[in-house]
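Below is one structure, written out as structure tokens; comments come after it.
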Amino acid sequence: MGSTGKPDPGKRFRDTIHQLCAGKHQYWRVFSDWAEATALTLVAIVRRDHEIADRRAEILERYTEIERAGFQAMVECVMEALESDPGNDFLGQQFMQMELSNHWKGQFFTPPTVAIMMAQFALGSAEELRERVQRTHFVTVQDPAVGAGVMLIAAAAVVRAAGLDPRDHLHVTGVDVDPTAAHMAYIQLCLLGIPGRVIVGNSLGGDVTSIWPTVAHELGMWDLRLAARRLCSGE
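What the sequence shown shows, in this note's numbering, is residues 60 to 294, in sequence order.
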């Protein structure tokens with residue numbers, strides 16, 4: 060709780076879910092519905108598709124107007140938390156604190172501090188990263204088991220710490236077989252302005268259920284930039 064007496068966004072997020080359940084809804088259902096509805100709202104910014112609108116409406120029909128206002132309050136909590144600490148995996152932490160992993164096959168999310176160290180190892184020192192970007196214009200990072208996006212968020216933090224703008228110099232791809240995890244990652248990547256794609260599918264088998272381009276991916280014309288790199292490299 061801060062000096063203003065206002066609870067931190069994590070507590071408000073969890074309290075809101077608790078209020079939404081109140082004997083009527085199951086925690087895991089509220090969380091997964093919220094994550095999917097929010098992801099659909101964000102992808103609708105860059106994709107005009109009646110199926111997106113229809114699916115979002117189908118989810119929200121399960122909730123009253125007051126409960127839908129709770130969904131919006133949860134989004135605001137995420138925005139506040141990420142604005143305060145853009146290197147933090149806010150949703151992964153809430154997922155673990157609410158013990159929702161018990162429902163989703165014991166899923167575990169990497170602590171942000173560990174993710175930062177792994178990203179630093181993968182991307183190199185700040186000087187090495189700046190030299191690499193000077194040569195190649197941008198770096199790409201992939202995570203075949205993206206979870207809530209902690210590794211990709213950490214990569215953006217490392218790029219930022221090197222004095223580079225992730226919107227211009229980083230593109231990420233995350234894959235997860237679990238749709239709720241993918242939706243969490245997509246929400247956070249969008250709100251952090253990180254260019255990338257989140258894929259719902261099996262990274263081992265190559266099966267793809269759906270692809271979610273972030274808002275920054277579309278606004279930054281990253282399909283064209285990635286195609287140009289493939290052309291230049293002869294891929």
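Cβ coordinates follow ideal geometry from the N, Cα and C atoms, glycine included.
- Residue environment for His77: exposed (fewer than 16 other C-beta atoms within 10 angstroms of its C-beta).
- Scanning the region 186-210 for uninterrupted beta strand (DSSP E) segments of 3 residues or longer gives 198-202, listed from N- to C-terminal end.
- Taken atom to atom, the span from the alpha-carbon of Glu110 to that of Ala185 is near 43 Å.
- DSSP places Asp235 within a strand segment (E or B) once states are collapsed to three.
- Judged by DSSP in its simplified three-state form, His77 adopts helix.
- Restricting attention to Arg106, His276, Trp93, Asp148, the CA atom closest to the CA of Gln131 is found in Trp93.
- The DSSP assignment places complete alpha helix (DSSP H) segments of no fewer than 4 residues inside the region 106-148 at 109-119, 124-143, in order along the chain.
- With a contact defined as Cβ atoms closer than 8 Å, Leu251 and Pro170 miss out at about 18 Å.
- Under the criterion of beta carbons closer than 8 Å, Val205 and Gly233 qualify as touching, at roughly 3 Å.
- Contact annotation, Ile175 with Ala207: C-beta distance approximately 15 Å; criterion of less than 8 Å not satisfied.
- One thing to note: Val137 has its Cβ within 8 Å of the Cβ of Phe149.
- With a cut-off of 8 Å on Cβ pairs, the region 104-118 is not in contact with the region 187-200, counting fewer than three such pairs.
- Distance from the CA atom of Ala220 to the CA atom of Leu283, rounded to whole angstroms, is 27 Å.
- Bounds of the beta strand (DSSP E) holding Pro272 are 266-272.
- Under the three-state reduction of DSSP output, Leu278 falls in the helix class.
- For Ile175, the enclosing alpha helix (DSSP H) begins and ends at 171-182.
- Closest in alpha carbon position to Leu285, among Leu229, Gln193, Arg189, Asn261, is Leu229.
- For His228, the enclosing alpha helix (DSSP H) stretches over residues 225-228.
- Of the candidates Arg127, Leu159, Val218, Gly183, Leu159 places its Cα closest to the Cα of Gln85.
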